[in-house]
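Asks: In our numbering, the protein residues as written are 44 to 150.
In structure tokens, the structure reads:
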């Protein structure tokens with residue numbers, strides 16, 4: 044007898060499909076203006092600021108700045124700074140992005 048998927052598992056698969064579609068769209072945007080327009084349509088100004096803050100924190104951590112200095116400089120909470128630091132240590136997303144960005148001289 045064929046087992047039916049639960050509503051929860053169907054929702055998870057659907058969310059994964061939607062997430063993968065979003066990731067594909069982000070990866071396809073080649074020009075800064077395209078990405079800027081898409082992100083501005085997708086996110087609220089507060090969400091965009093949070094993303095910008097986290098990216099700045101990641102860059103400062105990679106430059107060796109202390110969490111306390113980053114908090115004083117940026118106004119970002121130490122909890123967020125710690126989360127970004129953990130993600131840099133345990134994941135590869137920030138590390139890859141930082142490596143790609145390092146040769147660009149972008150501050």
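We put the beta carbon where it would ideally sit given N, CA and C, even for glycine.
What is the rounded straight-line gap between the Cα of residue 44 and the Cα of residue 68?
Replies: As a first step, residue 44 is located in the chain shown; it is residue number 1 there, counting from the start. As a first step, residue 68 is located in the chain shown; it is residue number 25 there, counting from the start. Because residue 44 sits at a pLDDT of 49, beneath the cut-off of 50, its placement in the model cannot be relied upon, and the following sentence gives the value as read from the coordinates. One C-alpha to the other measures close to 39 angstroms.
Asks: Could you give the distance in angstroms between the alpha-carbon of residue 85 and the alpha-carbon of residue 60?
Replies: For the purposes of this step, residue 85 is taken as the residue at position 42 of the chain shown. For the purposes of this step, residue 60 is taken as the residue at position 17 of the chain shown. The alpha-carbon atoms of residue 85 and residue 60 are separated by roughly 17 angstroms.
Asks: My understanding is that residue 131 touches residue 124, with C-beta atoms under 8 angstroms, so please give their C-beta distance in whole angstroms.
Replies: By 1-based counting over the chain shown, the position of residue 131 is 88. By 1-based counting over the chain shown, the position of residue 124 is 81. Not confirmed; about 11 angstroms, so no contact.
Asks: Distance, Cα to Cα, residue 128 vs residue 96?
Replies: Numbered from its first residue, the chain shown carries residue 128 at position 85. Numbered from its first residue, the chain shown carries residue 96 at position 53. C-alpha separation (whole angstroms): 13 angstroms.
Asks: By how many angstroms is the C-alpha of residue 110 removed from the C-alpha of residue 74?
Replies: For the purposes of this step, residue 74 is identified with residue 31 of the chain shown, where counting begins at 1. For the purposes of this step, residue 110 is identified with residue 67 of the chain shown, where counting begins at 1. If you take the alpha carbons of residue 74 and residue 110, they lie about 32 angstroms apart.
Asks: If I follow the unbroken alpha helix (DSSP H) through residue 128, where does it start and stop?
Replies: For the purposes of this step, residue 128 is identified with residue 85 of the chain shown, where counting begins at 1. First-last of the alpha helix (DSSP H) with residue 128: 121-133.
Asks: Terminal residues of the continuous alpha helix (DSSP H) containing residue 74?
Replies: Start at 1 with the first residue of the chain shown, and residue 74 comes out as number 31. Residue 74 -> no alpha helix (DSSP H), and no H or E assigned at all.
Asks: Could you check the C-alpha separation between residue 133 and residue 117 for me, to the nearest Å?
Replies: Here the question's residue 133 lines up with position 90 in the chain shown. Here the question's residue 117 lines up with position 74 in the chain shown. In a straight line, the C-alpha of residue 133 is about 23 angstroms away from that of residue 117.
Asks: Taking Cβ to Cβ, would you say residue 81 is nearer than 8 angstroms to residue 94?
Replies: Start at 1 with the first residue of the chain shown, and residue 81 comes out as number 38. Start at 1 with the first residue of the chain shown, and residue 94 comes out as number 51. No, the pair does not count as a contact, with Cβ atoms beyond the cut-off.
Asks: Excluding the five sequence neighbours on either side, which residues of its own chain have a C-beta within less than 8 angstroms of the C-beta of residue 91, listed in chain order?
Replies: Numbered from its first residue, the chain shown carries residue 91 at position 48. So the qualifying residues of the chain are 82, 83.
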